[in-house]
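Only one structure is covered here, and it is reproduced in the block below.
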Amino acid sequence: MHARFVFERMAIAAVSESLTERGVQELRSSASGEDGRLPEDFHIALGRLSGNPVLELYIDILVSLTAAYTHRARGIAGNTEEEGCAAARQHLAIAESIVAGASSRAQSDLVAHLDRAATWLSGLVHPQPGESTAIGPMDLAPDEWPRERKLAGSVAGRIRDDIVREGRYVGEVLGSEADFVSRYGVSRSVFRESIRILEHYSVARMRQGPGGGLVVLEPDPTSSIRTIALYLDFRGVTVEHLRTVRDEVELGCLTAAMRSGMLGKAELREDQQRGDSKAGRCSACLRDRVATLSGDPVLILFRSVLATLWDEYGSGRRPSDPCRSTDQGPADQAELDAIVDAMVAGDEGLAQFRMRRHLREHPGW
339 MHARFVFERM AIAAVSESLT ERGVQELRSS ASGEDGRLPE DFHIALGRLS GNPVLELYID
399 ILVSLTAAYT HRARGIAGNT EEEGCAAARQ HLAIAESIVA GASSRAQSDL VAHLDRAATW
459 LSGLVHPQPG ESTAIGPMDL APDEWPRERK LAGSVAGRIR DDIVREGRYV GEVLGSEADF
519 VSRYGVSRSV FRESIRILEH YSVARMRQGP GGGLVVLEPD PTSSIRTIAL YLDFRGVTVE
579 HLRTVRDEVE LGCLTAAMRS GMLGKAELRE DQQRGDSKAG RCSACLRDRV ATLSGDPVLI
639 LFRSVLATLW DEYGSGRRPS DPCRSTDQGP ADQAELDAIV DAMVAGDEGL AQFRMRRHLR
699 EHPGW
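Below you can see the structure in the form of C-alpha coordinates.
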(Lines of atoms letter the chains of each structure in order from A; the text may use other names.)
(Lines give C-alpha, C1' and ligand atoms only; values in the text may rest on other atoms or scores of the structure.)
Protein backbone atom coordinates (compact mmCIF):
# COMPACT_ATOMS: atom_id res chain seq x y z
CA MET A 339 0.00 0.00 0.00
CA HIS A 340 2.91 2.38 0.63
CA ALA A 341 3.82 2.16 -3.05
CA ARG A 342 0.24 3.01 -3.99
CA PHE A 343 0.39 6.10 -1.77
CA VAL A 344 3.51 7.21 -3.64
CA PHE A 345 2.22 6.71 -7.17
CA GLU A 346 -1.44 7.65 -6.83
CA ARG A 347 -0.70 10.92 -5.05
CA MET A 348 1.67 11.70 -7.91
CA ALA A 349 -1.07 10.81 -10.41
CA ILE A 350 -3.54 13.18 -8.74
CA ALA A 351 -1.06 16.04 -9.03
CA ALA A 352 -0.49 15.26 -12.72
CA VAL A 353 -4.19 14.86 -13.52
CA SER A 354 -5.06 18.12 -11.75
CA GLU A 355 -2.68 20.02 -14.03
CA SER A 356 -3.86 18.54 -17.33
CA LEU A 357 -7.52 17.59 -16.85
CA THR A 358 -9.75 18.00 -19.93
CA GLU A 359 -13.53 17.90 -20.40
CA ARG A 360 -13.25 14.31 -21.54
CA GLY A 361 -11.06 13.55 -18.55
CA VAL A 362 -13.70 14.95 -16.20
CA GLN A 363 -16.28 12.61 -17.68
CA GLU A 364 -13.99 9.59 -17.41
CA LEU A 365 -13.01 10.44 -13.83
CA ARG A 366 -16.61 10.84 -12.68
CA SER A 367 -17.79 7.77 -14.56
CA SER A 368 -15.10 5.52 -13.08
CA ALA A 369 -15.73 6.89 -9.59
CA SER A 370 -19.49 6.38 -9.76
CA GLY A 371 -19.31 2.79 -10.95
CA GLU A 372 -21.38 3.51 -14.07
CA ASP A 373 -21.60 0.94 -16.87
CA GLY A 374 -20.57 -1.89 -14.58
CA ARG A 375 -17.24 -0.29 -13.62
CA LEU A 376 -15.34 -2.05 -10.84
CA PRO A 377 -14.06 -0.15 -7.76
CA GLU A 378 -10.46 -0.50 -8.92
CA ASP A 379 -11.28 1.16 -12.27
CA PHE A 380 -11.19 4.58 -10.61
CA HIS A 381 -7.57 4.15 -9.53
CA ILE A 382 -6.59 2.79 -12.95
CA ALA A 383 -8.24 5.85 -14.54
CA LEU A 384 -6.07 8.11 -12.38
CA GLY A 385 -2.96 6.46 -13.80
CA ARG A 386 -4.22 6.63 -17.38
CA LEU A 387 -5.16 10.31 -17.11
CA SER A 388 -1.77 11.21 -15.65
CA GLY A 389 -0.24 11.07 -19.13
CA ASN A 390 2.81 9.20 -17.85
CA PRO A 391 3.04 5.59 -19.14
CA VAL A 392 5.40 4.59 -16.31
CA LEU A 393 3.02 5.87 -13.67
CA GLU A 394 0.04 4.32 -15.45
CA LEU A 395 1.64 0.88 -15.57
CA TYR A 396 2.86 0.95 -11.97
CA ILE A 397 -0.58 1.92 -10.68
CA ASP A 398 -2.25 -0.72 -12.86
CA ILE A 399 0.04 -3.44 -11.47
CA LEU A 400 -0.47 -2.39 -7.85
CA VAL A 401 -4.24 -2.03 -8.22
CA SER A 402 -4.43 -5.50 -9.78
CA LEU A 403 -2.49 -6.98 -6.88
CA THR A 404 -4.70 -5.20 -4.34
CA ALA A 405 -7.82 -6.33 -6.21
CA ALA A 406 -6.66 -9.95 -6.03
CA TYR A 407 -6.26 -9.72 -2.26
CA THR A 408 -9.55 -7.81 -1.95
CA HIS A 409 -11.49 -10.50 -3.81
CA ARG A 410 -9.97 -13.12 -1.53
CA ALA A 411 -10.79 -11.02 1.55
CA ARG A 412 -14.40 -10.66 0.42
CA GLY A 413 -14.66 -14.42 0.36
CA ILE A 414 -13.47 -14.50 3.97
CA ALA A 415 -15.47 -11.53 5.26
CA GLY A 416 -18.75 -12.43 3.59
CA ASN A 417 -20.99 -9.34 3.42
CA THR A 418 -18.83 -6.39 2.38
CA GLU A 419 -21.56 -4.14 0.99
CA GLU A 420 -20.91 -1.48 3.63
CA GLU A 421 -17.20 -1.41 2.81
CA GLY A 422 -17.96 -1.17 -0.91
CA CYS A 423 -20.36 1.75 -0.43
CA ALA A 424 -17.79 3.60 1.68
CA ALA A 425 -15.16 3.12 -1.04
CA ALA A 426 -17.55 4.45 -3.70
CA ARG A 427 -18.25 7.58 -1.65
CA GLN A 428 -14.53 8.15 -1.18
CA HIS A 429 -13.87 7.73 -4.91
CA LEU A 430 -16.50 10.34 -5.74
CA ALA A 431 -15.09 12.75 -3.17
CA ILE A 432 -11.58 12.38 -4.59
CA ALA A 433 -12.86 12.83 -8.16
CA GLU A 434 -14.80 15.98 -7.32
CA SER A 435 -11.81 17.48 -5.51
CA ILE A 436 -9.66 16.91 -8.59
CA VAL A 437 -12.29 18.44 -10.88
CA ALA A 438 -12.57 21.47 -8.56
CA GLY A 439 -8.80 21.95 -8.68
CA ALA A 440 -8.36 21.07 -5.01
CA SER A 441 -5.38 18.77 -5.53
CA SER A 442 -4.24 18.86 -1.89
CA ARG A 443 -7.69 17.87 -0.65
CA ALA A 444 -7.88 15.09 -3.23
CA GLN A 445 -4.52 13.72 -2.09
CA SER A 446 -5.59 13.91 1.56
CA ASP A 447 -8.82 12.05 0.75
CA LEU A 448 -6.82 9.45 -1.18
CA VAL A 449 -4.53 8.82 1.79
CA ALA A 450 -7.55 8.36 4.07
CA HIS A 451 -9.15 6.02 1.52
CA LEU A 452 -6.06 3.83 1.10
CA ASP A 453 -5.48 3.81 4.87
CA ARG A 454 -9.00 2.52 5.38
CA ALA A 455 -8.55 -0.14 2.69
CA ALA A 456 -5.21 -1.23 4.17
CA THR A 457 -6.70 -1.53 7.66
CA TRP A 458 -9.62 -3.59 6.37
CA LEU A 459 -7.41 -5.88 4.31
CA SER A 460 -4.79 -6.40 7.01
CA GLY A 461 -7.33 -8.08 9.24
CA LEU A 462 -8.38 -10.52 6.53
CA VAL A 463 -5.56 -11.47 4.18
CA HIS A 464 -2.97 -12.68 6.68
CA PRO A 465 -3.29 -16.47 6.51
CA GLN A 466 -4.16 -18.51 9.53
CA PRO A 467 -2.11 -21.66 10.27
CA GLY A 468 -2.79 -24.16 7.49
CA GLU A 469 -4.79 -21.68 5.40
CA SER A 470 -4.01 -21.30 1.70
CA THR A 471 -2.71 -17.91 0.57
CA ALA A 472 -3.77 -18.46 -3.04
CA ILE A 473 -4.85 -15.33 -4.89
CA GLY A 474 -5.04 -16.81 -8.37
CA PRO A 475 -3.17 -18.88 -10.93
CA MET A 476 0.47 -18.25 -11.80
CA ASP A 477 -0.36 -17.95 -15.49
CA LEU A 478 -3.26 -15.67 -16.41
CA ALA A 479 -4.66 -17.66 -19.32
CA PRO A 480 -6.66 -16.07 -22.16
CA ASP A 481 -10.01 -17.72 -22.85
CA GLU A 482 -8.78 -19.20 -26.13
CA TRP A 483 -5.96 -21.18 -24.51
CA PRO A 484 -6.43 -24.96 -24.22
CA ARG A 485 -7.96 -26.25 -20.99
CA GLU A 486 -4.72 -28.08 -20.17
CA ARG A 487 -2.75 -24.80 -20.24
CA LYS A 488 -5.28 -23.10 -17.95
CA LEU A 489 -5.17 -26.03 -15.53
CA ALA A 490 -1.37 -25.88 -15.50
CA GLY A 491 -1.53 -22.21 -14.46
CA SER A 492 -3.84 -23.14 -11.61
CA VAL A 493 -1.58 -25.97 -10.45
CA ALA A 494 1.47 -23.70 -10.62
CA GLY A 495 -0.36 -21.20 -8.41
CA ARG A 496 -1.22 -23.91 -5.88
CA ILE A 497 2.38 -25.13 -5.76
CA ARG A 498 3.65 -21.58 -5.29
CA ASP A 499 1.20 -20.95 -2.46
CA ASP A 500 2.03 -24.24 -0.77
CA ILE A 501 5.73 -23.33 -0.86
CA VAL A 502 4.95 -20.06 0.95
CA ARG A 503 2.42 -21.56 3.37
CA GLU A 504 4.71 -24.41 4.39
CA GLY A 505 7.71 -22.11 4.79
CA ARG A 506 9.93 -24.01 2.34
CA TYR A 507 13.47 -22.68 1.97
CA VAL A 508 15.59 -21.99 -1.13
CA GLY A 509 17.27 -25.18 -2.37
CA GLU A 510 14.86 -27.55 -0.61
CA VAL A 511 13.65 -30.56 -2.60
CA LEU A 512 9.86 -30.75 -2.37
CA GLY A 513 9.22 -34.12 -3.98
CA SER A 514 9.24 -36.10 -7.19
CA GLU A 515 7.02 -35.74 -10.23
CA ALA A 516 5.05 -38.79 -9.12
CA ASP A 517 4.48 -37.20 -5.70
CA PHE A 518 3.03 -34.04 -7.19
CA VAL A 519 0.91 -35.80 -9.82
CA SER A 520 -0.68 -37.79 -7.02
CA ARG A 521 -0.98 -34.83 -4.65
CA TYR A 522 -2.74 -32.51 -7.10
CA GLY A 523 -4.59 -35.17 -9.09
CA VAL A 524 -3.40 -34.04 -12.52
CA SER A 525 -1.73 -35.70 -15.49
CA ARG A 526 2.03 -35.67 -16.02
CA SER A 527 1.66 -33.36 -19.02
CA VAL A 528 -0.27 -30.79 -16.96
CA PHE A 529 2.26 -31.00 -14.13
CA ARG A 530 5.19 -30.55 -16.53
CA GLU A 531 3.53 -27.48 -18.05
CA SER A 532 3.03 -26.06 -14.56
CA ILE A 533 6.75 -26.58 -13.87
CA ARG A 534 7.62 -24.60 -17.00
CA ILE A 535 5.54 -21.74 -15.60
CA LEU A 536 7.21 -22.00 -12.18
CA GLU A 537 10.65 -22.03 -13.80
CA HIS A 538 9.79 -18.94 -15.87
CA TYR A 539 8.92 -17.03 -12.69
CA SER A 540 11.96 -18.42 -10.80
CA VAL A 541 9.81 -20.17 -8.20
CA ALA A 542 10.97 -23.79 -8.59
CA ARG A 543 12.53 -26.20 -11.10
CA MET A 544 12.90 -29.95 -11.57
CA ARG A 545 16.34 -31.39 -10.81
CA GLN A 546 17.19 -34.69 -12.46
CA GLY A 547 19.19 -37.61 -11.09
CA PRO A 548 19.70 -39.03 -7.60
CA GLY A 549 18.28 -36.74 -4.93
CA GLY A 550 16.38 -34.88 -7.60
CA GLY A 551 12.87 -33.53 -7.64
CA LEU A 552 11.17 -30.14 -7.51
CA VAL A 553 13.63 -27.63 -6.00
CA VAL A 554 12.73 -24.21 -4.56
CA LEU A 555 14.54 -21.36 -6.35
CA GLU A 556 15.62 -17.98 -5.08
CA PRO A 557 13.21 -15.34 -6.45
CA ASP A 558 14.68 -13.50 -9.43
CA PRO A 559 12.88 -10.36 -10.68
CA THR A 560 14.97 -10.18 -13.88
CA SER A 561 12.27 -11.52 -16.20
CA SER A 562 9.66 -9.17 -14.72
CA ILE A 563 12.00 -6.20 -15.09
CA ARG A 564 12.68 -7.03 -18.75
CA THR A 565 8.99 -7.51 -19.51
CA ILE A 566 8.02 -4.19 -17.92
CA ALA A 567 10.89 -2.38 -19.65
CA LEU A 568 9.87 -3.82 -23.03
CA TYR A 569 6.26 -2.72 -22.53
CA LEU A 570 7.25 0.82 -21.54
CA ASP A 571 9.53 1.02 -24.56
CA PHE A 572 6.51 0.13 -26.71
CA ARG A 573 4.48 2.87 -24.98
CA GLY A 574 7.05 5.50 -25.97
CA VAL A 575 8.44 6.34 -22.54
CA THR A 576 10.61 9.48 -22.36
CA VAL A 577 13.45 10.61 -20.11
CA GLU A 578 11.10 13.05 -18.38
CA HIS A 579 8.59 10.27 -17.65
CA LEU A 580 11.37 8.25 -16.05
CA ARG A 581 12.83 11.15 -14.10
CA THR A 582 9.59 12.28 -12.50
CA VAL A 583 8.68 8.77 -11.37
CA ARG A 584 12.29 8.06 -10.32
CA ASP A 585 12.24 11.06 -7.98
CA GLU A 586 9.05 9.89 -6.28
CA VAL A 587 10.35 6.33 -5.94
CA GLU A 588 13.53 7.60 -4.26
CA LEU A 589 11.48 9.75 -1.88
CA GLY A 590 9.13 6.85 -1.20
CA CYS A 591 12.10 4.65 -0.30
CA LEU A 592 13.43 7.37 2.00
CA THR A 593 10.10 7.62 3.82
CA ALA A 594 9.81 3.84 4.21
CA ALA A 595 13.40 3.58 5.47
CA MET A 596 12.86 6.30 8.06
CA ARG A 597 9.64 4.70 9.30
CA SER A 598 11.30 1.30 9.66
CA GLY A 599 12.72 2.36 13.03
CA MET A 600 16.08 0.72 12.28
CA LEU A 601 18.05 3.60 10.86
CA GLY A 602 21.47 4.91 11.85
CA LYS A 603 24.56 6.41 10.25
CA ALA A 604 26.26 3.03 10.32
CA GLU A 605 23.47 1.50 8.21
CA LEU A 606 23.38 4.40 5.77
CA ARG A 607 27.15 4.49 5.36
CA GLU A 608 27.75 0.75 5.59
CA ASP A 609 30.05 0.67 2.55
CA GLN A 610 32.45 3.09 4.22
CA GLN A 611 33.26 0.48 6.86
CA ARG A 612 35.27 -1.40 4.22
CA GLY A 613 38.22 0.97 4.59
CA ASP A 614 37.77 2.89 1.33
CA SER A 615 37.28 6.60 1.95
CA LYS A 616 35.33 6.95 -1.30
CA ALA A 617 33.10 3.91 -0.85
CA GLY A 618 29.45 4.71 -0.33
CA ARG A 619 30.08 8.45 -0.77
CA CYS A 620 28.24 8.94 -4.05
CA SER A 621 24.58 9.77 -4.60
CA ALA A 622 23.76 6.45 -6.28
CA CYS A 623 25.36 4.46 -3.44
CA LEU A 624 23.41 6.32 -0.77
CA ARG A 625 20.13 5.96 -2.64
CA ASP A 626 20.79 2.26 -3.26
CA ARG A 627 21.34 1.82 0.47
CA VAL A 628 18.20 3.77 1.37
CA ALA A 629 16.17 1.61 -1.03
CA THR A 630 17.51 -1.55 0.62
CA LEU A 631 16.75 -0.20 4.10
CA SER A 632 13.21 0.68 3.02
CA GLY A 633 12.38 -3.03 2.99
CA ASP A 634 9.69 -2.31 0.38
CA PRO A 635 9.98 -5.01 -2.32
CA VAL A 636 7.59 -3.20 -4.65
CA LEU A 637 9.51 0.07 -4.67
CA ILE A 638 12.81 -1.81 -4.97
CA LEU A 639 11.51 -3.76 -7.99
CA PHE A 640 10.07 -0.69 -9.70
CA ARG A 641 13.31 1.19 -9.03
CA SER A 642 15.21 -1.61 -10.81
CA VAL A 643 12.92 -1.22 -13.82
CA LEU A 644 13.65 2.50 -13.94
CA ALA A 645 17.40 1.84 -13.73
CA THR A 646 17.17 -0.59 -16.66
CA LEU A 647 15.28 1.94 -18.78
CA TRP A 648 17.58 4.77 -17.72
CA ASP A 649 20.51 3.07 -19.43
CA GLU A 650 18.60 3.24 -22.70
CA TYR A 651 16.88 6.62 -22.46
CA GLY A 652 19.03 8.62 -20.04
CA SER A 653 21.92 10.88 -20.98
CA GLY A 654 24.43 8.04 -21.11
CA ARG A 655 24.62 4.77 -19.22
CA ARG A 656 25.01 4.69 -15.46
CA PRO A 657 28.70 4.41 -14.45
CA SER A 658 29.76 0.93 -13.36
CA ASP A 659 31.50 2.48 -10.32
CA PRO A 660 29.72 5.76 -9.51
CA CYS A 661 31.99 6.34 -6.50
CA ARG A 662 34.90 6.83 -8.93
CA SER A 663 33.04 9.41 -10.98
CA THR A 664 34.75 12.80 -11.27
CA ASP A 665 31.36 14.54 -11.50
CA GLN A 666 30.98 14.71 -7.73
CA GLY A 667 32.81 17.25 -5.59
CA PRO A 668 33.02 18.17 -1.89
CA ALA A 669 29.82 20.21 -2.11
CA ASP A 670 27.91 17.19 -3.39
CA GLN A 671 29.24 15.02 -0.57
CA ALA A 672 28.14 17.69 1.91
CA GLU A 673 24.62 17.47 0.43
CA LEU A 674 24.57 13.71 0.94
CA ASP A 675 25.86 14.06 4.51
CA ALA A 676 23.08 16.56 5.20
CA ILE A 677 20.47 14.07 3.93
CA VAL A 678 21.90 11.36 6.17
CA ASP A 679 21.95 13.70 9.17
CA ALA A 680 18.26 14.55 8.69
CA MET A 681 17.33 10.89 8.31
CA VAL A 682 19.24 9.81 11.42
CA ALA A 683 17.68 12.69 13.38
CA GLY A 684 14.22 11.43 12.38
CA ASP A 685 13.35 14.71 10.64
CA GLU A 686 11.36 13.25 7.76
CA GLY A 687 10.29 16.60 6.32
CA LEU A 688 13.83 17.96 6.20
CA ALA A 689 15.19 14.70 4.77
CA GLN A 690 12.53 14.78 2.04
CA PHE A 691 13.32 18.43 1.27
CA ARG A 692 17.06 17.80 1.02
CA MET A 693 16.65 14.66 -1.09
CA ARG A 694 14.19 16.36 -3.45
CA ARG A 695 16.55 19.32 -3.88
CA HIS A 696 19.47 16.97 -4.47
CA LEU A 697 17.59 15.04 -7.15
CA ARG A 698 16.52 18.27 -8.86
CA GLU A 699 20.10 19.56 -8.98
CA HIS A 700 21.50 16.19 -10.13
CA PRO A 701 19.11 14.92 -12.83
CA GLY A 702 21.38 12.01 -13.80
CA TRP A 703 20.94 8.58 -12.22
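Our numbering applies: residue 339 is where the sequence shown begins, and numbers increase by one. Backbone N, C-alpha and C fix where the C-beta goes; we use that ideal spot for every residue, glycine too.
With a cut-off of 8 Å on Cβ pairs, the region 570-581 is in contact with the region 381-394, counting three or more such pairs. Comparing alpha carbon positions, the residue from 378, 368, 493 and 375 closest to residue 434 is 368. Spanning the alpha carbons of residue 649 and residue 574 requires a straight line of approximately 15 Å. Under the three-state reduction of DSSP output, residue 524 falls in the coil class, being neither helix nor strand.
DSSP places residue 545 in the strand class (E or B) of the three-state scheme. Under DSSP, residue 551 shares a beta bridge with 545. The three-state reading of DSSP puts residue 682 in helix, counting H, G and I together.
If the five residues before and after residue 586 are omitted, its C-beta is found closer than 6 Å to the C-beta atoms of 344 and 348, all from its own chain and listed in chain order. Rounded to whole angstroms, the separation of the alpha carbons of residue 451 and residue 381 is 11 Å. Minimum Cα-Cα distance from residue 532 among the listed residues 687, 437 and 493 corresponds to 493. With respect to residue 693, residue 592 sits close: the two C-beta atoms are nearer than 8 Å. Residue 444 and residue 438 have their C-alpha atoms roughly 10 Å apart. Closest in alpha carbon position to residue 528, among 488, 508 and 499, is 488.
With contacts defined by Cβ atoms closer than 8 Å, residue 497 and residue 425 do not form a contacting pair. For residue 569, the enclosing alpha helix (DSSP H) stretches over residues 560-572.
Looking from the CA of residue 535, the closest CA among 507, 490 and 545 belongs to 490. Taking a C-beta distance under 8 Å as the contact criterion, residue 432 and residue 357 do not qualify as a contact pair.
In the structure shown, the three-state DSSP call for residue 508 is coil. Nearest in C-alpha terms to residue 351, of all of 562, 404 and 446, is 446.
Cβ contact annotation for residue 629 (same chain, cutoff 6 Å, sequence separation greater than five): 591, 638 and 641, in chain order. Judged by DSSP in its simplified three-state form, residue 620 adopts coil rather than helix or strand. Straight-line spacing of the CA atoms in residue 495 and residue 379 works out to 25 Å. A direct Cα-Cα distance of roughly 12 Å separates residue 688 from residue 589. Here residue 692 carries a helix assignment [DSSP, helix/strand/coil]. Straight-line spacing of the CA atoms in residue 457 and residue 355 works out to 31 Å. Between residue 384 and residue 361, the C-beta gap is not smaller than 8 Å, which leaves the two residues out of contact.
In this structure residue 681 does not touch residue 544 by the C-beta definition: roughly 46 Å separates them, more than the 8 Å allowed. DSSP places residue 700 in the coil class of the three-state scheme, outside both helix and strand.
Here the C-alpha atom of residue 563 lies approximately 28 Å from the C-alpha atom of residue 448. About 5 Å separates the beta carbon of residue 606 from that of residue 678, a gap short enough to meet the 8 Å contact definition.
Collapsing the DSSP output to three states places residue 374 in a helix.
Taking C-beta atoms as the reference points, residue 511 and residue 553 count as a pair closer than 8 Å.
In the structure shown, residue 634 adopts coil according to DSSP, grouped into three states.
Within a 10 Å sphere around the beta-carbon of residue 377 sit 16 or more other beta-carbons, which makes this residue buried. Between residue 505 and residue 550, the alpha-carbon positions lie close to 20 Å from each other.
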